[in-house]
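Residue 1 is where the sequence shown starts when you use this note's numbering, and the numbers rise one by one after that. Structure, as C-alpha cells:
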Amino acid sequence: MDQLKVIDGDELNYVAEAIRQTRRALDGRVPLIGFAGAPFTLASYAIEGGGSRNYLNTKQMMYSDPTAWHRLMDKFARVLTGYLRRQIKAGAQAIQLFHSWVGVCLPATMSNM
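Shown next, in the form of C-alpha cells:
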C-alpha cells in the first residue's frame, strides 16, 4: 500500500489542457461535463485487474483487512479530489462521479463471498 503514490495532479495536466481546448471549441453551445471513477470503482478495477462478475477479491480485501481497505480508499479519494478540482479549474461546468461497482456491496450480492 505504501508504494501507491498520491499524485498532486501535475501528472494529469494533459486532462486540464484537453478541457480548456474543448471549452474553446464548444464556444458556449453546450456545457462540458468532467468525470472520474469513484474510489470503490477504481479500487475494484485495481484489485481485480479489470472488470469482474462478483468482485470477490475486492470484497475479501474490504472485509478481511479493513485497515488496508480504508488506506486505499483514502488514497483514491485524495487523488480524485485533486483531479476533479483540476477539471473544474480548467473549465468543466459539471462533474460526474461514476460509482459503477459499489452495487456489489448490496446485501444480496454479499452471499457470493
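Note that beta-carbon positions come from the ideal geometry of N, C-alpha and C, so glycine has one too.
- Message: When you compare the CB positions of residue 90 and residue 20, do they come within less than 7 Å of one another, or not?
- Response: Your numbering for residue 90 matches position 90 in the sequence shown. Your numbering for residue 20 matches position 20 in the sequence shown. A contact, by the Cβ cut-off of 7 Å.
- Message: Does the structure place the region 74-89 close enough to the region 5-16 that three or more beta carbon pairs sit under 8 Å?
- Response: yes
- Task: Pull up the distance between the alpha-carbon of residue 61 and that of residue 49, whole angstroms please.
- Result: Your numbering for residue 61 matches position 61 in the sequence shown. Your numbering for residue 49 matches position 49 in the sequence shown. Taking the straight line from one Cα to the other gives about 14 Å.
- Query: What residue range is occupied by the uninterrupted beta strand (DSSP E) comprising residue 97?
  - Reply: If you number the sequence shown from 1, residue 97 lands on position 97. Residue 97 -> beta strand (DSSP E) spans 94-98.
- Nearest-angstrom Cα distance between residue 57 and residue 98? Mapped onto the sequence shown, residue 57 falls at position 57. Mapped onto the sequence shown, residue 98 falls at position 98. One C-alpha to the other measures close to 20 Å.
- Message: Less than 6 Å between C-beta atoms, sequence neighbours within five positions excluded: which residues of the same chain meet that for residue 102?
- Response: Numbered from its first residue, the sequence shown carries residue 102 at position 102. Answer for residue 102: 40, listed in chain order.
- Item | Nearest neighbour of residue 12, chosen from 94, 82, 95, 105 [CA to CA] | As a position in the sequence shown, residue 12 is number 12, starting the count at 1. Looking at the Cα atoms, 82 is the closest of the given residues.
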